[in-house]
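**Q**
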Amino acid sequence: MTLQEQIITIIIITLGTMTTRFLTFMIFPPTRKTPIIIDFLSKLLPTAVVAMIVVYAYKEILTFTAPPQTIFPTVIATIATIIIHLWKRQLLLSISVGTLLYMFLYQIA
Amino acid sequence: MKHSFHYAFPKTIPIFAGYIFLGCSYGILATSQGFAPILPILMSVVVYSGAMQFMAINLMLAPFDPIATILITLMINARHLFYGIVMLKPYSTLGAKRFFVIWGLTDETFTINATMTIPDEINREWTYFHITALNYAYWVLGTIIGATIGNQIPFNTDGIEFVLNALFLVLLIEQILSSKQYSALLIGLSSSIISLFIFGSQNFMIPAMLAMLIIFGLQYLFQQSKGEK
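Line by line, the protein sequences give chains A and B. Heads up, the first sequence is in this note's numbering, so the first residue is 3 and it goes up one at a time. Heads up, the second sequence is in this note's numbering, so the first residue is 4 and it goes up one at a time.
1) Helix, strand or coil for Asn206 of chain B, going by three-state DSSP, please let me know.
2) Along the stretch 75-87 of chain A, where does the CB come closer than 8 Å to a CB of chain B? Name the residues.
3) Quick one: is Phe30 of chain A near chain B, going by C-beta distance under 8 Å?
4) Within a Cβ cutoff of 8 Å, which residues of the same chain sit near Trp106 of chain B, ignoring the five residues on either side of it in sequence?
5) CA-CA distance, Thr112 of chain B and Asn126 of chain B?
6) Using only the alpha-carbon positions, how far apart do Gln178 of chain B and Gln6 of chain A sit?
7) CB Phe27 of chain A to CB Leu91 of chain B, shorter than 8 Å?
8) Can you find the residues in the same chain that come closer than 7 Å, C-beta to C-beta, to Lys14 of chain B, ignoring five residues on each side of it along the sequence?
9) Give the DSSP-derived three-state secondary structure of Asn126 of chain B in the structure shown.
10) Does any C-beta atom of chain A lie closer than 8 Å to the C-beta of Ser47 of chain B?
11) How about Ile110 of chain A: is its C-beta nearer than 8 Å to some C-beta of chain B?
12) Please work out which residues of its chain come closer than 8 Å, Cβ to Cβ, to Asp1 of chain B, disregarding the five sequence neighbours upstream and downstream, and give them in chain order.
13) With C-beta atoms as the reference, is Ile196 of chain B less than 8 Å away from Val52 of chain A?
14) Mind pulling the chain A residues with CB within less than 8 Å of Tyr139 of chain B?
15) Just the Cα atoms here: how many angstroms apart are Tyr86 of chain B and Ile73 of chain A?
16) Run the CB neighbour count on Leu221 of chain B, radius 10 Å, all protein chains shown included, and call it buried at 16 or more, exposed below.
17) Quick one: what does DSSP say Ser52 of chain B is sitting in, helix, strand or coil?
18) When you compare only the Cα positions, how much space is there between Asp41 of chain A and Ile29 of chain A?
Right, here's the structure in full:
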């Protein structure tokens, strides 16, 4: 790619990404009343969409395409994160312990 | 404003770890492919979309193809349309800050902003703004570190990428515990997992989102017709 082509590619990616982020907000501006179905969806979607993001984060494990050395640390660290979180309900504690445990298990493997 | 910053900052700490690491990896990868450090830094400043920026490295190593670039960008980022539906109302009162928080609506910022319950005494608008701005700063900073001194990091950070998995997981648990929407959880999980097995890990999000829209749409119509009787 020439420098010019690189610049055009970056502009396309920037505008494309902005389109996907702004489109919904442009279709339903704050001045217009949103349809009731959108209100209905906006109550249920956070749970469903965050579930989808979790599936995305675990897509390699779920499709059995994860590198073998990551499987054991992922499973153990995930279980630990869930248990610690249900027990203490401290966001940063659960995330730190889970991540440090993962790093430890991954690095000694 | 100061108050809302104190409330917002701790919520972004896991993202600090995740974005510094991922931004750094991105900077190292891009420069190792022969790009000048300014290119990944510029991308992080103007694009600010992790998955897309990693993909862009491949696109820019291949021959120039604007049409494929547009299509790939729209496909990878289509999930943002969904984030918009959720954030329409919370972001509707942001005034001048609105452009920035919409522009910076990444997966991680969305997950935090969509699942938190801001106490009444904290300014909502500024909280959304601070979280978005802090995350953006972490991402750009990570990229700068990776693109410039990335190969000289002295300690072993292998595996730190798990921090974002842990963040998503914990925020999902919080969301379930606070909303008690078990059927929405089941619909979200099953749509995503079934779609993952049918369409593969690169393409599963759009069909999964369509499935959720259809199921929730039917649920809405069903409730409406029950309400009319």
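We treat Cβ as the ideally placed atom computed from N, Cα and C, and that holds for glycine.
**A** This is what the structure gives:
1) As a working note, residue 206 of chain B is residue 203 in the second sequence. Collapsing the DSSP output to three states places Asn206 of chain B in coil.
2) So the list reads Pro75, Thr76, Ala79, Thr80, Thr83, Ile84, His87, given in the order they occur along the chain.
3) As a first step, residue 30 of chain A must be located in the first sequence, where it is residue number 28. Yes, Phe30 of chain A lies at the interface with chain B (some Cβ there is under 8 Å from its Cβ).
4) As a working note, residue 106 of chain B is residue 103 in the second sequence. Taken in chain order, the residues that qualify are Tyr51.
5) Along the second sequence, one-based indexing puts residue 112 of chain B at 109. Along the second sequence, one-based indexing puts residue 126 of chain B at 123. Rounded to whole angstroms, Thr112 of chain B to Asn126 of chain B spans 17 Å at the Cα level.
6) Indexing the second sequence from 1 puts residue 178 of chain B at position 175. Indexing the first sequence from 1 puts residue 6 of chain A at position 4. Near 46 Å, if we compare the C-alpha coordinates of Gln6 of chain A and Gln178 of chain B.
7) Here residue 27 of chain A refers to the residue found at position 25 when the first sequence is read from its first residue. Here residue 91 of chain B refers to the residue found at position 88 when the second sequence is read from its first residue. Yes.
8) Taking the second sequence and counting its residues from 1, the one referred to as residue 14 of chain B is at position 11. When the five nearest sequence neighbours on each side are left out, the beta carbons in the same chain lying within less than 7 Å of the beta carbon of Lys14 of chain B are those of Ile115, Met119, Ile134, in order along the chain.
9) One-based indexing of the second sequence puts residue 126 of chain B at position 123. Assignment of Asn126 of chain B by DSSP, reduced to helix, strand and coil, places it in the coil class.
10) Here residue 47 of chain B is taken as the residue at index 44 of the second sequence, counted from 1. With 8 Å as the cut-off, Ser47 of chain B does not count as an interface residue toward chain A.
11) On the first sequence, position 108 is the one that residue 110 of chain A refers to. False, the Cβ-Cβ gap to chain B never drops below 8 Å.
12) There is no way to answer for residue 1 of chain B, as the model of chain B reaches only from 4 to 232.
13) Residue numbering aside, residue 196 of chain B sits at position 193 when the second sequence is read from its first letter. Residue numbering aside, residue 52 of chain A sits at position 50 when the first sequence is read from its first letter. No.
14) For this step, residue 139 of chain B is matched to residue 136 along the second sequence. Listed along the chain, the chain A residues whose CB falls inside 8 Å of the CB of Tyr139 of chain B amount to none; the nearest CB is some 13 Å away.
15) For the purposes of this step, residue 86 of chain B is identified with residue 83 of the second sequence, where counting begins at 1. For the purposes of this step, residue 73 of chain A is identified with residue 71 of the first sequence, where counting begins at 1. Taking the straight line from one Cα to the other gives about 30 Å.
16) Locating residue 221 of chain B in the second sequence gives position 218, counting from the first residue. Counting the other CB atoms within 10 Å of its CB gives Leu221 of chain B a total below 16, which places it among the exposed residues.
17) Taking the second sequence and counting its residues from 1, one reaches residue 52 of chain B at position 49. Ser52 of chain B: coil per DSSP, three-state reduction.
18) Looking up residue 41 of chain A in the first sequence gives position 39. Looking up residue 29 of chain A in the first sequence gives position 27. Ile29 of chain A has its alpha-carbon roughly 14 Å from the corresponding atom of Asp41 of chain A.
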